[in-house]
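Here the working numbering is used: the first residue of the sequence shown is 989, the next is one more, and so on. Encoded as C-alpha cells, the structure appears first; notes follow it.
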Amino acid sequence: MEDWLFYALTTLLCYLLCLLLLRASARNSAGGKGHSAGGALPPLPPGPTPLPLVGPLLFLLRPDLDVEAVLRRIAREHGPVFTYAPLGKALPTIFVASRAAAHRALVQRGAAFASRPASSAVVNAGGIIFSPYGATWRALRRNLTAGVLNPSRLRAFSPTRRRVLSILASRFRAAGAGGERPVAVMEPFQHAMFRLLMCMCFGDRVEDARVQDIEATHQERIASFHSFEVFSFLPALTKVLFRRRWKKLVSLRWREEELFLPLVQARRDAAADGNGYCYVDSMLKLTIPEDGGRALTNDEIVSLCSEFLIAGADTTATALLWIMANLVKYPAMQDRLRDEVAGVVGAADGAVREEDLQAMPYLKTVVLEGLRRQPPGHFLIPHTVPEDTTLDGYRVPAGVPINFAVGDIGLDEEVWDAPLEFRPERFLTGGEGEGVDLTGSKEIKMMPFGAGRRVCPGMALALLQLEYFVANLVREFRWCEADGEEVDLTEKIELTVVMKRPLKVKAVPLRSPLAATIPAA
C-alpha cells in the first residue's frame, strides 16, 4: 500500500493543478474558437457542482465508492447526458446513459466521436483499443478483422475449441468428484478462454509451461488494472508519487516482452513451413502504408498480443460465468435449453458441433439475455472528440473523456419489459428483443460490444464461443446449486463486472467423458 503521505500530496497537488488548468481554460474560452454567431458557447451537460478539495479527497481516498450508484443518481437528477467532475471543473467527464444519444454520437456521428483520450495511452500504448482514430488505427484493426477474426479463420480454429472444451469438462469432472463436490467455475472458464486465445495469437505449439507463465503475468496485470489507472492523470507527477506502482507496471511490461518475443521469433523463423496461421503471422507481414510502409516494431507486436489476450479472455469468461449462473438459478431454463440441444444433436457421442448451433434459437436467446442483463463491462472504454463539438445541444470539449453507460442502456424500461428480470424469451419471435442488432447500426437497444467505428472487432468470436461452450456444458452436466452456496447475482466491478460472491456449483455428469471422443487438433 502507498504511504498516506503520497495520497495527501497527490490530492493537494492535483487540486492546485486543477485550479490552474481551470483558470487557463477560462482564459482560453474567453477569446478562443468555438463561439456561436452570438459569441456564447453552449454549456457543458449539466451535473453536480464539484466540491473544492473535498471532492478530490473523497474520490481519491475512497476506492470502495460505488461510482455506478452515484452516476445513476446524477442521471435521475440531471438527465441522461451529464457531466461528472469529481476532481474539479478542469477535469470533467461526460456520461451518456441514453440509447438515443449514444446512437447519435457513436453511429450517426461516429467519426467525430471515435477517438480516445490522450491519457489512455500512458498505460495502454501501442494497441488498437487505445490508439487515436486515424490511419494507423485503421490499418491495425483491418489486419485483425481480415485476418485471425475473419469468419473463415474462425472456422479453422474449431479443433482448438473442441480440445479446450474437453480439457474444461475434464477439470469439472475431476474437481467435482462426479457432482458430489461444489466447484468454482470462474478460474476454469478464464483458463479455457485464455488457452483458446493463446492458440489464436501464437499458434498451437506453445508449451504448457509457457502458457502458464503468460497466464500468470496476464492475471497479475488484470489484478492491478485499476491501481494503474492513476497514471492516466498527470503522469509526470503520479509516476513519481506512486513510484512503486509504476515500477510494477514497467516490470510487468518487461515480463511480457521476455515471454512474448521468443514466441514471435519462432513464428518468424517458421514462416515458410506452413504451420497453420495465427495473429502474430499477420502482424509480421503487416506494413503501414500511411506511415511510409513500415513494418511493426517488436514493441508494437508485444502490445497487440497483450491487448488481444486481455480484451478477449476475461470478457468472454465473465459473460460465460453470468450466463451459467442464471441457468443454475433458473433450472427450468436450463432444462429447456438442454432439451433443445438434445433435439438437434440427439444422443450421438462427442461434442455439439459448431454447425449445429444455428438450429438452436433458444440457445441464442439465453446468450443474448446474458449479455443484456449482465454485460461484462458496464461502460465502454472512454471516447473523446479531437475538436470541440456538441451533443444534444451541449458542448463537448476536445479531449474530454466521454463514457457510455452500457449497463443502464440495456435496462431501458422504454425498450425492455421488466428489464431487471432474466427472460431469454424476450428475444424470440414477438418479443421486444426480436431481431436485435448488436452493432446498433439502425437503433441501439443494447450494446455489450459497443457501437459505431469502435464496435468490438471480436463480437463474432465471442458469440460463437459463448454459444458453443454453453450448449456443450449444459449437455454434458446438470448444473445445480450446492448446499450453502445459493447463487447470488450481486455484482462487483473489477476489470470486468464479476460476481461479488464467486459462483460455486455442482456439475453432475450426464454423459461419458468428452476426452474419449474428441481427437487432438
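Ideal Cβ placement from N, Cα and C applies to all residues, glycine included.
Per DSSP, the continuous beta strand (DSSP E) segment holding P1497 begins and ends at 1492-1497. Taking C-beta separations shorter than 6 angstroms and ignoring five residues to either side along the sequence, the partners of E1473 in its chain run P1170, K1492, following chain order. For E1469, the enclosing beta strand (DSSP E) has its first and last residue at 1465-1469. One Cα belongs to D1327, the other to R1414, and the distance between them is close to 19 angstroms.
DSSP places M1435 in no alpha helix (DSSP H); its state is neither H nor E. Around the beta-carbon of E1464, 16 or more other beta-carbon atoms lie within 10 Å, marking it buried. Bridge pairing for V1485: I1481 [DSSP].
Here E1455 has L1345, L1351, V1355 as same chain residues with Cβ atoms under 6 angstroms from its own Cβ, once five neighbours each way along the sequence are excluded. Secondary structure at R1092: helix, using DSSP grouped into helix, strand and coil. For N1131, the uninterrupted alpha helix (DSSP H) run begins and ends at 1123-1134, by DSSP. Assignment of E1056 by DSSP, reduced to helix, strand and coil, places it in the helix class. Where R1383 is concerned, the enclosing beta strand (DSSP E) starts and stops at 1382-1384. A residue is called buried when at least 16 other Cβ atoms come within 10 angstroms of its Cβ; K1494 meets this threshold and is buried. Residue W1242 holds the alpha-carbon nearest to the alpha-carbon of R1209 among W1242, E1278, V1228, C1189.
Taking the CA atoms as reference points, P1497 sits about 24 angstroms from F1182. DSSP places L1075 in the coil class of the three-state scheme, outside both helix and strand. At a Cβ-Cβ threshold of 8 angstroms, A1299 and A1085 do not count as neighbours.
Residue range 1377-1379 is occupied by the beta strand (DSSP E) that includes T1377. CA-CA distance, I1117 to L1297, rounds to 12 angstroms. Per the C-alpha coordinates, the member of A1336, C1293, M1174 positioned closest to K1488 is M1174. In this chain, the beta strand (DSSP E) harbouring T1081 covers 1081-1084.
Listed in chain order, the alpha helix (DSSP H) elements of length 4 or more contained wholly in the segment 1241-1267 amount to none. Counting only the Cα atoms, R1149 lies some 32 angstroms from D1471. Around the beta-carbon of D1323, fewer than 16 other beta-carbon atoms lie within 10 Å, marking it exposed. Around the beta carbon of R1360, 16 or more other beta carbons lie within 10 angstroms, which makes this residue buried.
For a cut-off of 8 angstroms, the C-beta gap from K1236 to S1270 is around 31 angstroms, too long to register as a contact. Per DSSP, N1138 lies in no alpha helix (DSSP H) segment and is marked neither H nor E. Within the same chain, Cβ atoms closer than 7 angstroms to the Cβ of N1460 are found at L1153, A1339, V1340, the five residues on either side in sequence being excluded. If you compare the alpha carbons of F1248, T1275, K1480, R1087 with that of G1365, the shortest gap goes to K1480. Taking the Cβ atoms as the reference, Y1382 lies roughly 6 angstroms from V1069, within the contact range of under 8 angstroms.
Taking a contact to require three or more Cβ pairs closer than 8 angstroms, the segment 1382-1391 and the segment 1077-1092 qualify as touching.
Sequence-distant Cβ neighbours of A1305 in its own chain, meaning closer than 6 angstroms and more than five residues away, are F1177, Q1178, M1181. E1342 and S1215 have their C-alpha atoms spaced approximately 40 angstroms apart.
Under the Cβ criterion (8 angstroms, minimum of three pairs), the segment 1242-1251 counts as touching the segment 1287-1297. Beyond the five residues adjoining it in sequence on each side, P1374 comes within less than 7 angstroms, by CB distance, of S1103, A1386 in the same chain, given in chain order. In the DSSP assignment, F1392 falls outside any alpha helix (DSSP H) and within the unbroken beta strand (DSSP E) covering 1390-1392.
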